[in-house]
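So the structure is just underneath, and the comments pick up after that.
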Amino acid sequence: MKDRLKDFISEHREEFDVYEPRPELWQEICQQIPAKRKEETKVIKFSFGDSFSFSGDMAFMRVAAAVILLIGCGLTLWFTKHNIPEGNYTLATTSKPAIQKIAPELTDIEAYYTSQLKHKKEELSAYDLKVLGLDEKRGIDRELARLDSSYIQLKKQLLTAPNTDKVMNAMIQNLQIRIEVLNRQLEVLQKIETLQKQTTEEQLNNETNV
Amino acid sequence: METSTYQDVNQQVVERCKGGDNRAQYELYKLYSKAMFNVSMRITNDYAEAEDVLQEAFISAFKNLHTYKSEASFGSWLKKIVVNAAINSIRKKRSELVPMDERMVAEVPDEVPDDNDVEWQIDKVRRAIQRLPDGYRVVLSLYLLDGYDHAEIGEILGVSESTSKSQYSRARKKLLEIMREPHFAA
């Protein structure tokens, strides 16, 4: 027996899956599944006996606790938001509140390295690359952009990784590599500059000798 | 050969999940969430409800992973969980999926309605399925899109195989009616 509907759907089966859940859903799921290898989450039980429990007549306590918690969260968020220094150097700075929760120290680390990187960049831009006969600045920019994108990747992983320390270390390493790249470039430029000075001095000496 | 290595990889991820590895759990989620969400969406026909179901199903899957014995593929094991969660969800909210009187009338002639005048477009078919009443939509989706046969659908819904069959042919007829409606533009 022919069933055109069935044939049509099985021919185009893949195209019928058009929906996708919100990306945030994973985090909601993640919080509710047991992770055994991680250090067990400590659950502090409040038990004051049956007469003084949080259920039943103490329902208002829950509401009060919720309100205090909300105010607390709000204030922390507000303060941390206003603490992020304005850096015009491109570095994916933390803005997600979730990251703030996972790694609160990240904002400070990022702020420190951002200012360091900015400083190095300023030093670098003092050199005139064309005069020194160098045109590899684009290569360095590309390298820095690559580092920045892997930094963003790491930051995403921070949200889901069980071992945040490892990810954090990788992120810090990433920032250190950037500074190292800029340092190397500065060294190279300094060497070239001194070499050029020497050669021009020699030339001058030669000319005067002639 | 390729399928077996794929299975192995999957099996490894599942094993890591059993050990509580968060990264492995995310890997499985990434691999299956879209397909499972569509399964859930077809049954519930509601985005928020489908998400609740997906969340509930994944949590229960990760918690009960030790009961998964790799006889079936992980995907079909997970899908069963999603389907059951979705059906429970709509049962809670709505009345019987298959009305009592239809459970009694088992045999319905397998007439195939004329479908030559119907315009076959994926989007149109999909939207028409969404407009079916719950009972019809669930049976039709499980049969046509999720690859269950009538015996399995009967088991899932707690009805007989022949009820699933007759419910499907009614659903199919209704679907063609919807698609023929003059206002149901593509």
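In order, the protein sequence lines correspond to chains V and U.
For the first sequence, full-length UniProt numbering assigns the number 1 to the initial residue and increments by one for each residue that follows.
For the second sequence, full-length UniProt numbering assigns the number 1 to the initial residue and increments by one for each residue that follows.
Where is the CB? At the ideal position from N, CA and C, for every residue including glycine.
Neighbourhood of residue i by C-beta distance below 7 Å, restricted to the same chain and skipping five residues each side
i: U:Ala-50; result: Phe-37, Ser-40, Met-41 and Thr-44
i: U:Arg-131; result: Ile-178
i: V:Arg-178; result: Leu-117, Leu-144 and Leu-147
i: U:Leu-145; result: Arg-42
i: U:Ser-70; result: Gln-11
i: V:Lys-38; result: Note that V:Lys-38 has pLDDT 45, beneath the 50 cutoff, so the model's placement of it is unreliable and no number is given.
Residue i versus residue j - alpha carbon distance
i: V:Tyr-19; j: U:Lys-18; result: 28 Å
i: U:Asp-134; j: V:Met-61; result: 42 Å
i: U:Ile-156; j: U:Val-118; result: 31 Å
i: U:Asn-64; j: V:Val-167; result: 29 Å
i: U:Ser-160; j: V:Thr-76; result: 58 Å
i: V:Gly-139; j: U:Ala-24; result: 36 Å
i: U:His-66; j: U:Lys-173; result: 43 Å
i: V:Leu-195; j: U:Gly-20; result: 59 Å
i: V:Ala-65; j: V:Ile-71; result: 10 Å
i: V:Leu-5; j: V:Gln-32; result: 41 Å
i: V:Leu-159; j: V:Ser-149; result: 16 Å
i: V:Glu-188; j: V:Ala-126; result: Per the sequence presented here, residue 188 of chain V reads as Val, with Glu not at that position. Taking the straight line from one Cα to the other gives about 14 Å.
i: U:Ile-122; j: V:Ile-29; result: 32 Å
i: V:Thr-200; j: V:Gln-185; result: 23 Å
i: V:Asp-141; j: V:Trp-78; result: 34 Å
i: U:Lys-181; j: U:Asn-22; result: Position check: residue 181 of chain U holds Glu in this sequence, whereas Lys was assumed. Going by the C-alpha atoms only, they are around 49 Å apart.
i: V:Gln-190; j: V:Lys-101; result: 43 Å
i: U:Leu-31; j: U:Ser-76; result: 13 Å
i: V:Glu-11; j: V:Asp-3; result: 12 Å
i: V:Glu-193; j: V:Thr-208; result: 23 Å
i: V:His-119; j: V:Glu-180; result: 13 Å
i: V:Asp-17; j: U:Arg-127; result: 12 Å
i: V:Leu-25; j: V:Pro-34; result: 16 Å
Burial state of residue i, where buried means 16 or more other Cβ atoms lie within 10 Å
i: U:Ser-33; result: buried
i: U:Gln-167; result: buried
i: V:Leu-176; result: In the sequence as displayed, the identity of residue 176 of chain V is Gln instead of Leu. Under this definition V:Gln-176 is an exposed residue.
i: V:Gly-74; result: exposed
i: U:Ser-164; result: buried
i: V:Pro-104; result: exposed
i: U:Arg-137; result: buried
i: U:Gly-154; result: buried
i: U:Ile-59; result: buried
i: V:Leu-69; result: exposed
i: V:Asn-205; result: exposed
i: V:Pro-23; result: exposed
i: V:Glu-40; result: With a pLDDT of 46 at V:Glu-40, under the threshold of 50, the modelled position of that residue is not reliable, and the figure given next carries that caveat. Classification for V:Glu-40: exposed.
i: V:Val-63; result: exposed
i: U:His-150; result: buried
i: V:Pro-21; result: buried
i: U:Val-83; result: buried
Chain-order list of residues whose beta-carbon lies under 6 Å from that of residue i (same chain, five-residue window excluded)
i: U:Phe-74; result: Asn-10 and Val-14
i: V:Phe-8; result: none
i: U:Tyr-148; result: Leu-142
i: U:Arg-16; result: Ala-24
i: V:Glu-202; result: none
i: U:Glu-152; result: none
i: U:Glu-27; result: Val-13
i: U:Tyr-68; result: Trp-77
i: U:Met-100; result: Note that U:Met-100 scores 49 on pLDDT, short of 50, meaning its location in the model is unreliable; the coordinates nonetheless yield the value given after this. None.
Reference residue i; option with closest CA among the options
i: V:Asp-108; options: V:Glu-122, V:Lys-81, V:Lys-121 and V:Tyr-127; result: V:Lys-81
i: V:Leu-164; options: V:Ala-65, V:Trp-78, V:Arg-4 and V:Leu-106; result: In the sequence as displayed, the identity of residue 164 of chain V is Thr instead of Leu. The candidate whose alpha carbon is nearest that of V:Thr-164 is V:Leu-106.
i: V:Gln-27; options: V:Gln-153, V:Ile-99 and V:Ser-149; result: V:Ile-99
i: V:Leu-182; options: V:Asn-206, V:Glu-123 and V:Glu-24; result: V:Glu-123
i: U:Ala-61; options: U:Leu-78, U:Leu-140 and U:Gln-121; result: U:Leu-78
i: U:Ala-86; options: U:Tyr-47, U:Leu-176, U:Glu-181 and U:Tyr-68; result: U:Tyr-47
i: U:Ser-89; options: U:Ala-57, U:Ala-72 and U:Ala-151; result: U:Ala-57
i: V:Asn-83; options: V:Tyr-112, V:Ala-59 and V:Val-67; result: V:Tyr-112
i: U:Phe-184; options: U:Ser-76, U:Trp-120, U:His-150 and U:Ala-35; result: U:Trp-120
i: U:Gly-158; options: U:Arg-91, U:Ala-72, U:Leu-31 and U:Ser-76; result: U:Arg-91
i: V:Arg-13; options: U:Tyr-26, U:Ala-35, U:Glu-27 and U:Asn-84; result: U:Ala-35
i: U:Leu-54; options: U:Lys-80, U:Val-125 and U:Lys-93; result: U:Lys-80
Beta-carbon proximity list for residue i, same chain, < 8 Å, skipping 5 on both sides
i: U:Leu-140; result: Ile-129, Leu-132, Tyr-168, Ala-171, Arg-172 and Leu-175
i: V:Leu-154; result: Val-167, Ala-170, Met-171 and Asn-174
i: U:Tyr-29; result: Phe-58
i: V:Ala-161; result: Val-167
i: V:Gln-157; result: Val-167
i: V:Glu-15; result: none
i: U:Asp-52; result: Ser-89
Any non-hydrogen atom of the ligand FMN within 7 Å of residue i CB
i: U:Ser-73; result: With respect to the ligand FMN, the structure shown offers nothing to examine, as it has no ligands at all.
* Asked: Unbroken alpha helix (DSSP H) runs of length 4 or more, entirely within the UniProt domain "RNA polymerase sigma-70 region 2" (28–94) of chain U: which are they?
  -> 47–63 and 74–93
* Please go through the segment 94–124 of chain V and give each complete beta strand (DSSP E) segment of 3 or more residues, from N-terminal end onward. => none
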